[in-house]
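Peer 1:
There are 2 protein chains.
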Amino acid sequence: MTSPPRREFAGQTLGRFVAESSWADIGPDLRHEAKRALLNYVGGALGVSGSRVVDAASRVVAPFSGPQTTTVIGRPERLDLMAASFVNAIAANLLDYDDTHPNTVGHPTAPVAPPLFALAEQRGLSGAALLHAFILGFEVECRLGNAVQPDHYNRGWHITATCGVFGSAAACAKLLGLSAEQTWTALGLAASQSASIIENLTTEAKNVGVGNAARNGLLAALLAREGFSAAPAAIEGPFGWARVSGQEPMMEEIVGGLGERWELPKNTYKPYPSGIVFHAIIDAALELRSRLNLTAADIAAVTVRGDQLMLDRGERPIDSERDARVSIHHSAALGLAVGKAGVREHTAPVVFDPQIMALRGKVRAELADMPPWSASVTVETVDGRTETATVEHARGSPKAPMSDADLEAKFRDNAALGGSADKADARIAGIWAMEETADLAPLLRSMGA
Amino acid sequence: MTSPPRREFAGQTLGRFVAESSWADIGPDLRHEAKRALLNYVGGALGVSGSRVVDAASRVVAPFSGPQTTTVIGRPERLDLMAASFVNAIAANLLDYDDTHPNTVGHPTAPVAPPLFALAEQRGLSGAALLHAFILGFEVECRLGNAVQPDHYNRGWHITATCGVFGSAAACAKLLGLSAEQTWTALGLAASQSASIIENLTTEAKNVGVGNAARNGLLAALLAREGFSAAPAAIEGPFGWARVSGQEPMMEEIVGGLGERWELPKNTYKPYPSGIVFHAIIDAALELRSRLNLTAADIAAVTVRGDQLMLDRGERPIDSERDARVSIHHSAALGLAVGKAGVREHTAPVVFDPQIMALRGKVRAELADMPPWSASVTVETVDGRTETATVEHARGSPKAPMSDADLEAKFRDNAALGGSADKADARIAGIWAMEETADLAPLLRSMGA
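Chains as they are written, first to last, in the numbering used here: chain A, 1 to 449; chain B, 450 to 898.
(1) Please list the residues of the stretch 517-533 of chain B that have a C-beta atom closer than 8 Å to any C-beta atom in chain A, keeping them in chain order.
(2) Looking only at its own chain, which residues have a Cβ that is under 8 Å from the Cβ of Pro847(B), when we skip the five neighbours before and after it?
(3) Ala341(A) to Lys270(A), Cα distance in whole Å?
(4) Using beta carbons (cut-off 9 Å, strictly below), is Val302(A) in contact with chain B?
(5) Spatial neighbours of Leu292(A) within its chain, please: C-beta separation below 8 Å, excluding the five flanking residues on both sides.
(6) Work out the CA separation of Phe583(B) and Ala691(B) for me, nearest whole Å.
(7) Which residues does DSSP list as the beta-bridge partners of Thr70(A)?
(8) CB His330(A) to CB Ser274(A), shorter than 9 Å?
(9) Excluding five sequence neighbours on each side, which residues of the same chain lie with their C-beta closer than 8 Å to the C-beta of Gly689(B)?
(10) What does a CB cutoff of less than 8 Å around Leu565(B) pick up in its chain, not counting 5 residues either side in sequence?
(11) Name the chain C residues that come within less than 8 Å of Ile197(A), Cβ to Cβ?
(12) Checking contacts by CB at 9 Å: is Gly164(A) closer than that to chain B?
(13) Name, please, each residue of chain B whose Cβ falls closer than 9 Å to the Cβ of Arg59(A).
(14) Between Ala887(B) and the rest of its own chain, which residues show a CB-CB distance below 7 Å, the 5 nearest in sequence each way excluded?
(15) Using a cut-off of 7 Å between C-beta atoms, extract the partners of Leu223(A) located in chain B.
(16) Going by C-alpha distance, which of Val48(A), Ala284(A), Ser245(A), Phe9(A) is nearest Ala394(A)?
(17) Measuring only from the beta carbon, is Asp99(A) closer than 8 Å to any heavy atom that is part of the ligand PLP?
(18) Beta strand (DSSP E) containing Thr386(A): first to last residue?
(19) Considering Leu407(A), what are the terminal residues of the alpha helix (DSSP H) in which it resides?
(20) Give the DSSP-derived three-state secondary structure of Ala376(A) in the structure shown.
(21) Once the 5 residues before and after Glu685(B) are set aside, which same chain residues still bring their CB inside 6 Å of it?
(22) Does DSSP classify Val53(A) as helix, strand or coil?
(23) What residues in its chain sit with their C-beta under 8 Å from that of Lys484(B), if we drop five residues either side in the sequence?
(24) Per the DSSP calculation, Glu815(B) is bridged to which residue(s)?
(25) Identify which residue in Leu288(A), Ala214(A), Ala180(A) has its Cα closest to the Cα of Ser196(A).
(26) Rank Ala128(A), Thr185(A), Gly259(A), Thr202(A) by C-alpha distance to the C-alpha of Leu223(A) and give the top, closest one.
(27) For Glu815(B) and Asn863(B), I'd like the C-alpha separation in whole angstroms.
(28) Check this for me: beta carbons of Pro28(A) and Pro516(B), under 9 Å apart or not?
(29) List the DSSP bridge partners of Ile299(A).
(30) Mind checking the stretch 143-171 of chain A against chain B and listing, in chain order, the residues whose C-beta falls within less than 7 Å of any C-beta there?
(31) Can you list, in chain order, the stretches of the alpha helix (DSSP H) that have 4 or more residues and sit fully within the stretch 195-279 of chain A?
(32) Can you give me, in chain order, the residues of the stretch 564-592 of chain B that have a beta carbon less than 9 Å from any beta carbon in chain A?
(33) Please name the residues in the stretch 247-258 of chain A whose beta-carbon is closer than 7 Å to at least one beta-carbon of chain B, in chain order.
(34) Helix or strand or just coil, what does DSSP make of His550(B)?
(35) Beta-carbon within less than 6 Å of Ala541(B)'s beta-carbon, same chain only, minus the 5 sequence neighbours each way: which residues are those?
(36) Can you tell me which of the three DSSP states Gly573(B) falls into?
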């Protein structure tokens, strides 16, 4: 990137960075990580493509959709770019089973990938162009998140949506070939559309926030292209996004080392659609199950040990699927008795299966001096054996990243849930081959029902 | 309204109020004021219907518009409900020539009227139904604004947009016949879509904020109807809209005296498309012009006296139309030499007319101990006369409201600017007759080009 003019605002620096970035600047590791993020994105949306919320979202926006240019992942209907971006972003993030950027605890791909898929399908763009735009959008949203975390979230802003709209705007600006000035203008236009609050986190208003981030970022880029203006200081000015949202941004996090350090390699993927703090329990329980060849009938008692955060979040009666996704007891029971903890194992038929309910009743949680996100599980069997497994770095955490094969298996699991197991291999292969694909339209069109 | 259950949240109280309100509860003064607000709304949008920003907004959203059910005011194209709401709200507020709610200094009608016009046109609803929904939406947004003003605006939130989305949601919920629970859910869904910042106030990102408030309020109501959920405490909860935006809301302002005291009667309308603090200057100058039969050639010197706020805001070089709209010198020059201060008199041909520029050069501003929003103007003529006029309550201010005839004249002025002078009388008559109109569709369809 050329050296910055004096007194440049953050949005302007980001705008230049995005507009001037060339594909040759992007190394193979970044490119590969982008494909991993997109594989995880598509799989997540496929898994819930038939869910009530996705149905309702599509039903609400369909009457406000222009030409049906865009595939809705895993579904038969087609919508315009905006409407499809809204629905696909909601699907991708619906179960919080999408990716997690550890430093911000945001889910960065859901607001960014959908409008890129939409533009690429409509215009027959190349995989390289899409991956490049995705990497840059991801970078912009995570840098803005880093600049205000953890206070932004703690204050009550749902960071996936509030920063996601900037990521979507930056990515769409790149894919549309906007100039540096148009790109920072798009970021400024995003700043006036950044919204979503934590009070609504356990409701479907949260999903609307994520869907809006995706479509409004695209809107910002399109408006900038048509000459709409925005303030250059819209991010950090006295009445800009960061300060109006309640805090002084850490500017170095936004503009330091652009093109040198990247956020995408820090991205993580969940192996289980449950709260991240419970993943070590599942892993430890799975290990015991395979070590002892367990079935539910073998188990007399279970003790789970973890830190205070785990106990605070995870000891609760289970009245709903949502409860099961943040339960110590259900996590342990799944690992020990089912040997699997995917989306299906967090739905009602399993959550309220009498055998699983009985096993949950045998699980006791205990405070232990352990690092966050780690757990140990001790099982006593009816025939008198006692065995403990301890997991410090749960699968999917930064020090134990999911392998490509893990991500493929997760994709297949999701595809089966969504009823498209037969198409999973072709779709997986298509995503891995994106970089060499000159026209993405056929692949993206094939993502429908 | 039935008495509130214990521990009801503000959104729930508002939701019940809106859902339970009956047209018979709405007195004739309120009904008439609603028509005045809508007359002013339509006129404002007509005046700028051919402007660059409205053109660009329509061009950007047209490709994302479904069935063309909705008139864009003063324009030939038709769009779907969402897209037309976006464009019409932008047009209505473009020059800040729309209405002003004095306590919040917000512009309440622009985000609320457009989706109501859209729904009424599509469904052939009655004028009474539209007026009723409008009055309730106006009430909700202004009450929320009252609960957080003046800190909300001072902190950097553009209150027209941030509260407007609640007004739009409440009004649309009423017009769609939603239940009390669906209505508070719509308000909760609006809380996750409330956005727009003051840093962007002098840019077109501001217009996007107002357009989004209109369309996203409609989206909130439609999502609530389809069963989307939201938090009951989304307004005042620990991580609800008010606190996340930075402050403790004044709850009594939201829920006190519902159905007894109303905000709409406090609404004001601008006679001139310039900053409200300059209106007294124009009035005083107009009075001098008529008293002395002035032309520009008669004037040797002009002194304008006002308070510090007026001087802070109004002493500036004039490089653009925007500057002219907040200029002491241009305001005085228009009143004295042109005898008119409408939209046309704030556009380049007049702003950069050499005679007007010369006259501005003769205007001096002076600090005086005067109440806010008042002014005195002293003119010295080339033949040696000196005359002063003082205006304490400018035309259009709460103590000197514009009459119905004033609003009609403003409408005709706007219509002429937008090229539809010939249709003005019919449209004015149609708006005054709204209450008795069983099917608004023909009237609303006639508002296009």
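Using N, Cα and C, we set each Cβ at its ideal position, and we do this for glycine too. These numbers were taken from a predicted model, which means no experiment stands behind them.
Peer 2: Taking the geometry as given:
(1) Asp529, Leu530, Met531, Ala532
(2) Pro551, Lys715, Thr717
(3) 11 Å
(4) no
(5) Take Leu292(A), set aside five residues on each side of it, and the residues of its chain with a beta-carbon closer than 8 Å to its own are Asp298, Val379, Thr381, Arg385, Glu387, in chain order.
(6) Each residue's Cα considered, the two are about 23 Å apart.
(7) According to DSSP, which records beta bridges pairwise, Thr70(A) is partnered with Leu79(A).
(8) yes
(9) Ala640, Ala680, Ala682, Ala683
(10) Leu579, Ala582, Phe583, Gly586, Ala620, Cys621, Leu624
(11) Judged by its chain identifiers, the structure shown contains no chain C, and its protein chains are A and B.
(12) no
(13) Glu675
(14) Ser575
(15) Val509, Val657
(16) Ala284(A)
(17) The ligand content of the structure shown is nil, which means the ligand PLP is not present either.
(18) 386-391
(19) 404-418
(20) The residue asked about is misnamed: residue 376(A) is Ser in this sequence, not Ala. Strand.
(21) If we look at Glu685(B) and ignore the five residues flanking it on each side, its Cβ neighbours are Ala459, Ala691, Pro698.
(22) helix
(23) These residues qualify, in order along the chain: Leu580, Ile880, Trp881, Met883, Glu884.
(24) Arg754(B)
(25) Ala214(A)
(26) Thr185(A)
(27) 33 Å
(28) no
(29) Thr381(A)
(30) For chain B, the residues of the stretch 143-171 of chain A that bring a beta carbon within less than 7 Å of one of its beta carbons are Arg155, Gly156, Trp157, in chain order.
(31) 205-225, 241-244, 251-255
(32) Against chain A - using a Cβ distance shorter than 9 Å - the stretch 564-592 of chain B contributes no residues.
(33) none
(34) strand
(35) Tyr490, Gly493, Ala494, Asp547, Ala559
(36) coil
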